[in-house]
Every structure is written in C-alpha cells, then in structure tokens.
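Peer 1: One gets our numbering by counting positions in the sequence shown from 1 and adding 293 to each.
Beta carbons are placed, not taken as given, at the ideal position from N, Cα and C, and that holds for glycine.
This structure is in structure tokens; I'll ask about it shortly.
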Amino acid sequence: MAAVPASAFSGNVFEVWVLLTISWLLAGLLIWIGSRVAGLNYVSMKRSVLAAVVASGVAWLCMTLFSGVPVAGTSLGAVLGLLLSWFSIKEVLNTSFGPALLVWSFDVIAQVVAGLLGISGIGAQLLHMFR
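Below is the structure:
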C-alpha cells in the first residue's frame, strides 16, 4: 500500500475549517442578536462567537459519542447535545435559564440556516461523500 502524501488532505481540511468558521460566525451573530432581544446588553460579539463554538462543540461531541450506542444512541446524543448546548450558552453568557433559552433558540435558527446553506458541521462532513 502506498503512503498518502499530506498534501492530499490539506484541501479538504481547509474547506472544512472555512465552512465551520462561517457557520460559527453566523451562529455568533444570531446569538449576539438573541442576547440583545433577551436584554443581555453586556454580551460582546467575541463572547457570542465563543458561545457558538462551545455550543456546537458540545452538541457534536454528544452526537459523536452516543452514535455507537444501540437502539436510541443517535437520538439520545442529539437530545443531550441540545440540552448541553443550551447549558453551555447559559454558562458562557453568564445568565439564567430563561434568557439562555431565548438566546439558544437563535442558535438553533443559525444551525438550521447553516444546514440549509450547507455550511454546518454536518454539511462539511457530507462534502466528502459527494466528491
């Protein structure tokens, strides 16, 4: 078996990181808007993008870890990922559960929009299937 050169992976990895970055920036913008709607005027754009990165990372980790569990693993991972992303937004933005739920709903909207545009983490994973 021949060795695969490192340059063979660099194009796809770069594309994935660009798509993830765009997705996180979109989610950060909508989290920032959601925090303004919720009355959290102290939340900066940096903190909003950090909340988006942490929330998507937690959701991705839960879905990846629970995907191997038989019967209801994928569903359990998705539900747990959503709940933990809500909690992570609450902690990063340093607020209570009510405003965090409103801000989290803006993050869900951002993930749906990113998924429809094909720039979410799932869209980045599917990119490899169609090449």
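(1) Contact check, residue 392 vs residue 333 under 8 Å by CB: the rounded distance?
(2) Would you check if the distance between the CB atom of residue 324 and the CB atom of residue 344 is smaller than 8 Å?
(3) If you follow the alpha helix (DSSP H) that residue 331 is in, where does it begin and where does it stop?
(4) Quick check: what's the CA-CA separation for residue 398 versus residue 378?
(5) To the nearest angstrom, how far is it from the Cα of residue 331 to the Cα of residue 375?
(6) Would you identify the three-state DSSP class for residue 387, choosing helix, strand or coil?
(7) In three-state DSSP terms, what is residue 392?
(8) Can you round the beta-carbon distance between residue 317 and residue 342 to whole angstroms, since I take them to be within the 8 Å contact cut?
(9) Might you give, ordered along the chain, the residues of its own chain that have their beta carbon closer than 7 Å to the beta carbon of residue 328, omitting 5 neighbours on each side?
(10) In this structure, does DSSP put residue 308 in helix, strand or coil?
Peer 2: Here's the rundown:
(1) 6 Å
(2) yes
(3) Residue 331 -> no alpha helix (DSSP H), and no H or E assigned at all.
(4) 11 Å
(5) 19 Å
(6) coil
(7) helix
(8) 6 Å
(9) 336, 341, 386 and 396
(10) helix
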